[in-house]
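The structure under discussion appears below in the form of structure tokens.
Numbering (our numbering), first residue to last: 22 to 649.
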């Protein structure tokens, strides 16, 4: 029953609002917020349902007896229960925050309708008991994020950003679909997640394929991973996420904190048995995650837009999570049966869980700052906001400390878990890169905090900034509390799938983490304290390694030139030889034969006589000689 409410309530809310928002007006907002609150309460009941684990059929979808069966299957276990808590909790707070942030927006009903559609899509991914169902809701998340990012579609930048997000994700989704079809063929048409896992563990069809043709398992794992590369914005499909900042700030918190971008990591954890079965796939996933984490952290050090700094921070932390999935699988393959290797993806889910709270709070805090500064987003046009916005400052500072991994805060425990998996993976390069990423994280977040909240106001908007209204402050305060306590057993015990793995015996990990924090913070304080402009100017990082420009050239040279060639060939061969030439020949023959129909009786008589003479000639002179 709880699963039905979680899945169907946001759907009905979205349908009612999007179909009748012109008539509902203000009531549409209340329907959306009310459905998010009820969904959160239902997730608490779902979380407490210890005796109801397993996969159940909620609705039939495709049923071909003896051939293929797929339905809306709900998977209830600690993993889905914990993830559902995160999605509905963050979603509810974003809905409440949006009441204040979007109060002047004339299209508020449409915005809240898209929020409800997004919540429906995310709950479907979390509850999905088979990969077909997950793919359906995967695409719905792409649609709803397109609507939310492009909410202010009258702005050219927002319209371009939502198209970029949608098209970039399609590349990854195509690979995801291919991976599902490979598993569909290998496992005799069964893509239920439980059954796929059993087919590996209990010596089923996939276990046999793994022994005889491991390349197919690797291909399936990497294709499935392509879906996560798109949704979780990993290299090389990372370019859409920073541009998605063109959407309203609550959308940034919803998409970039705990929900859409986390869907890729959650999906990888769900199929972690597949990653563990393929050493090549595990190594590729770990390298892609590690490279994305380090690259995005370097980009973040030179961003001046407050939301873009947080966007690249999200990219970096998602890379951390993806690296953890690959690293844990590598540790298991090398026989490290410690706390990390016992449950592939465990550290990734723990970091996803803690990151959700402090990153959502940081995005909402940036929204409060932007709101107070009359929609100014350049941090160098702020300054001194600590005195004008004390509650926002302290909550933002707590979230920053958690993200940097300050000891005793939630981010410290989950970062330790991720670095511990990298240390156990057998590739010390992963651990070194992870520690360097932690140093850069401390650097760019301290830079953001100093430039935005300390010093003197640099513009009139910053000088006259005031604290955000209570409806926006309350979610910040709640998330700040969770940013502190979410790493402890007080919350991790009921959310057993998120419980922090231990890192006993890894003193190297602890000291490296502490050194990274001190070096990063110290360097940022030394460089940016009291500065009114950026003393560091690295164009390569500021311009995001020129990936957008490179992709633009690739599209112009390859896609546009290829389109020109195909168009030319189509016009010459298809339109010319296949379509127009036969039509021209028929037209000429028709014009010639029309000359025979002049409408004169004597002409017809002449033709008839000529035909009779020709027939007699054939019968008398031609046919007798043909026999010889």
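Think of the CB as a built atom: it goes at the ideal place given N, C-alpha and C, for glycine as much as any other residue.
May I have the straight-line CA-CA distance separating residue 107 from residue 377, to the nearest angstrom? For the pair residue 107 and residue 377, the Cα-to-Cα distance works out to about 7 Å.
* To do: Express the C-alpha separation of residue 27 and residue 77 in angstroms, rounding to a whole number.
  => In this structure, the straight-line span from the alpha carbon of residue 77 to that of residue 27 is close to 15 Å.
Cut-off 6 Å between Cβ atoms - residues of its own chain near residue 271, not counting five sequence neighbours on either side: So the list reads 115, 118, 119 and 122, once near-sequence residues are dropped.
* Asked: Would the beta-carbon of residue 311 fall within 7 Å of that of residue 179?
  -> Cβ atoms of residue 311 and residue 179: not closer than 7 Å.
Practice prompt. Tell me whether residue 314 is buried or exposed, calling it buried when 16 or more other Cβ atoms sit within 10 Å of its Cβ.
Written response: The residue is buried, with at least 16 neighbouring Cβ atoms inside 10 Å.
Could you pull the start and end residues of the beta strand (DSSP E) that residue 101 belongs to?
-> Note, residue 101: premise wrong, no beta strand (DSSP E); alpha helix (DSSP H) at 99 to 122.
Count the other C-beta atoms from every protein chain shown that fall within 10 angstroms of the C-beta of residue 580, then say buried if there are 16 or more, exposed otherwise. Exposed is the call here.
Helix, strand or coil for residue 410? Go by DSSP, reduced to three states.
Looking at residue 410 - three-state DSSP - the assignment turns out to be coil, as it is neither helix nor strand.
Spatial neighbours of residue 456 within its chain, please: CB distance less than 6 Å, with the 5 preceding and 5 following residues excluded, ordered by chain position.
Here the set comprises 533 and 537.
**Report entry** Same chain, Cβ closer than 7 Å to residue 23, neighbours up to 5 away in sequence not counted
**Finding:** Closer than 7 Å at Cβ, skipping near neighbours: 63, 66, 67 and 70.
Open item on the list: Give the list of continuous alpha helix (DSSP H) stretches no shorter than 4 residues that lie fully inside the region 448 to 504.
Closed with: Listed in chain order, the complete alpha helix (DSSP H) runs (minimum 4 residues) inside the region 448 to 504 are 449 to 474 and 481 to 484.
message: Going by C-alpha to C-alpha distance, which of 151, 185 and 528 sits closest to residue 576?
response: For residue 576, the nearest C-alpha among the options comes from 185.
*Note the first and the last residue of the continuous beta strand (DSSP E) segment covering residue 85.*
It spans 75 to 85 - the beta strand (DSSP E) in which residue 85 sits, taken as one unbroken run.
Within 10 Å of its beta-carbon, does residue 33 have 16 or more other beta-carbons around it, so buried, or fewer, so exposed?
Its Cβ having fewer than 16 others within 10 Å, residue 33 is exposed.
Between the Cα of residue 168 and the Cα atoms of 221, 265, 319 and 152, which residue gives the shortest distance? Out of 221, 265, 319 and 152, 265 has the C-alpha closest to the C-alpha of residue 168.
Q: State buried or exposed for residue 363, treating a residue as buried only when at least 16 other CB atoms are found within 10 Å of its CB.
A: Annotation note: pLDDT 34 at residue 363 (below 50); position unreliable, no value reported.
When burial is assigned at 16 or more other CB atoms within 10 Å of the CB, is residue 439 buried or exposed? Per the 10 Å Cβ criterion, buried.
Worksheet entry | Where residue 190 falls: helix, strand or coil (DSSP) | Helix, per DSSP.
How is residue 10 classed by DSSP in three states: helix, strand or coil?
Residue numbering for the chain in the displayed model covers 22 to 649; residue 10 lies beyond these limits and cannot be assessed.
What does a CB cutoff of less than 6 Å around residue 295 pick up in its chain, not counting 5 residues either side in sequence? So the qualifying residues of the chain are 242.
Excluding five sequence neighbours on each side, which residues of the same chain lie with their C-beta closer than 7 Å to the C-beta of residue 562? These residues qualify, in order along the chain: 319, 320, 322 and 323.
Problem set entry | Check whether residue 251 and residue 215 have beta carbons under 7 Å apart | For residue 251 and residue 215, no; Cβs fall outside 7 Å.
Return the chain-ordered list of same chain residues with a C-beta closer than 8 Å to the C-beta of residue 50, the five sequence neighbours on each side being excluded. Within the same chain, residue 50 has close Cβ partners 120, 129, 130 and 133.
Quick check on residue 96: does DSSP put it in helix, strand or coil?
Strand, per DSSP.
Put residue 89 into one of helix, strand or coil per three-state DSSP. Residue 89 falls in the strand class under three-state DSSP.
ask   = Whole-angstrom Cβ separation of residue 348 and residue 336, contact assumed at under 8 Å?
value = Not really, about 18 Å apart at Cβ, beyond 8 Å.
Quiz item: In three-state DSSP terms, what is residue 332?
Solution: Three-state result, residue 332: helix.
If you draw a straight line from the C-alpha of residue 162 to the C-alpha of residue 58, how long is it? The straight-line gap separating the alpha-carbon atoms of residue 162 and residue 58 is approximately 20 Å.
For residue 84 and residue 165, I'd like the C-alpha separation in whole angstroms. Taking the straight line joining both Cα atoms gives about 28 Å.
Original post:
Helix, strand or coil: which one does DSSP assign to residue 443?
Top reply: When DSSP states are grouped into helix, strand and coil, residue 443 belongs to the helix group.
| task | Reducing DSSP to helix, strand and coil, say where residue 401 ends up. | result | Here residue 401 sits in helix by DSSP.
Review point. With C-beta atoms as the reference, is residue 94 less than 7 Å away from residue 145?
Key: In this structure, residue 94 keeps its C-beta atom at 7 Å or more from the C-beta atom of residue 145.
Practice problem: Could you tell me which residues DSSP pairs with residue 555 in its beta bridges? | Solution: According to DSSP, which records beta bridges pairwise, residue 555 is partnered with nothing at all.
_Measuring straight from C-alpha to C-alpha, what distance separates residue 96 and residue 154?_
In this model, residue 96 and residue 154 are separated by some 11 Å (Cα to Cα).
Cα-Cα separation, residue 299 to residue 189: Whole-angstrom Cα-Cα distance: 27 Å.
- Please work out which residues of its chain come closer than 7 Å, Cβ to Cβ, to residue 400, disregarding the five sequence neighbours upstream and downstream, and give them in chain order. Within the same chain, 325, 327, 469, 472 and 473 come within 7 Å of residue 400 by CB-CB distance, once the 5 residues on both sides are set aside.
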